[in-house]
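Right, one structure below, let's go through it.
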Amino acid sequence: MPITAVTGAASGIGKTVCETLKAAGHRIIGIDRNNADINADLSTAEGRELAVSATLEQCQGRLDGLVCCAGVGVTFPSDMIVGVNYFGVTKLLEGLQDALQQGEQPAVLVIGSVAGNQMVGRPHEMVSAMLDDDETAARRIALDLAEPHTAYAASKYAVSSYVRQQAPAWGKQGLRANVIAPGAVETPLHQAAKDDPRFGEAVKNFVAPLGRAGTPQEIANVVAFLQSDQASFIHGSVFFVDGGMDAMVRPGQF
Ligand code: NAD
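Under my numbering, the first residue of the sequence shown carries the number 2, and numbering increases by one thereafter.
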């Protein structure tokens with residue numbers, strides 16, 4: 002039975018990923034701030050260390066999968082967005098690297114966002130600070146800018162870039178890693194953005210060509226496929242699961 006750790010396990014996409022992978026025969030180690038097998042705050046160094054050590058203990062040093070769903074949206078402070086969405090992923094990946102190498106056909110999946118594509122070709126300086134692993138600088142730039150939507154796009158572009166940068170080395174070690182970039186998905190995070198007086202109208206008016214937001218299950222289905230043996234040659238890719246949003250905005254870039 003494959004052992005898979007899932008962050009953001011208590012809500013939305015992560016919760017549905019846990020249910021879907023469990024039904025596909027995985028043993029799940031859920032990680033979240035509360036209501037999970039491991040309760041840890043991924044916005045802090047201490048919380049990430051706790052998440053890594055408790056996961057290593059529960060999987061006994063051998064992990065077959067890691068799915069990083071935990072994230073915060075534009076209703077959160079900009080520095081928190083950077084802390085959770087970028088460093089809450091990369092520090093876990095680094096800490097669980099050895100355990101993943103012990104796994105059977107190990108695979109990593111990171112949930113990015115179609116919003117990250119706002120940075121393609123013109124990444125904000127915050128992106129470089131994240132990719133340079135400088136959390137203090139990235140948080141400071143994000144706070145100074147005080148634009149949570151920019152911090153969100155930057156965090157998702159940076160974390161997707163991180164996975165692609167690691168792909169050659171990880172591939173040689175037999176570790177697959179991919180990114181899913183969802184469009185709007187009906188979850189508490191999306192509802193909070195729709196309810197926000199600053200962003201609500203824009204979020205509601207930005208509708209995918211398929212005419213609706215997705216469901217968490219529609220994302221979890223793709224996660225389950227990418228984490229399965231059926232996806233054994235897929236590595237270092239970014240998948241848009243967005244009802245056509247990315248094609249609508251960037252028809253010539255792919
Ligand atoms: P959600 O709010 O339902 O779930 C996010 C989960 O992450 C929650 O359980 C929350 O407790 C957890 N989390 C947040 N901060 C944390 C922290 N500091 N430590 C530990 N856990 C923490 O939202 P969702 O929509 O299911 O989001 C899942 C992922 O999908 C996120 O990375 C989000 O950015 C991404 N995403 C969502 C949408 C959307 O429209 N819903 C679109 C694109 C990408």
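Beta carbons: idealized from backbone N, C-alpha and C, even for Gly.
With H, G and I counted as helix, E and B as strand and the rest as coil, what does DSSP make of residue i?
i	result
I235	coil
D33	strand
A6	strand
L51	helix
C70	coil
V208	coil
P189	helix
G215	strand
R28	strand
R123	coil
F240	strand
A147	coil
V109	strand
A41	coil
R177	strand
A203	helix
P169	helix
A182	strand
R141	helix
Q61	coil
Just to confirm, is the Cβ distance from residue i to residue j under 8 Å?
i	j	result
C70	G9	yes
L43	L67	no
L101	Q228	no
S79	A143	yes
V128	A159	yes
V180	G113	yes
A209	M246	yes
G13	P149	no
G72	V83	no
R63	G104	yes
V242	G212	no
S161	V239	yes
A221	T21	yes
A6	N36	no
V75	D197	yes
Let's test the definition: count the other Cβ atoms within 10 Å of the Cβ of residue i and tell me whether it reaches 16, buried, or not, exposed.
i	result
R177	buried
P183	buried
N118	buried
P217	buried
P3	buried
F226	exposed
R199	exposed
K205	exposed
Measure the beta-carbon distance from residue i to residue j and round it to whole angstroms, keeping in mind my assumption that it falls under 8 Å.
i	j	result
I32	A46	Not quite, the Cβ-Cβ distance comes to about 15 Å (not below 8 Å), so this is no contact.
G237	A168	3 Å
I30	K23	Contact flag wrong, Cβ pair sits at about 11 Å.
F88	E50	Not really, about 12 Å apart at Cβ, beyond 8 Å.
V121	Q254	7 Å
A138	A147	At roughly 16 Å, the Cβ-Cβ gap does not stay under 8 Å, so A138 and A147 are not in contact.
For residue i, verify whether its CB is less than 7 Å away from any heavy atom of the ligand NAD.
i	result
L97	no
I235	no
A8	Checking the sequence, you will find Thr at residue 8 rather than Ala. Within the cutoff, so yes.
L94	no
C19	no
I14	yes
G48	yes
H191	yes
A41	yes
R251	no
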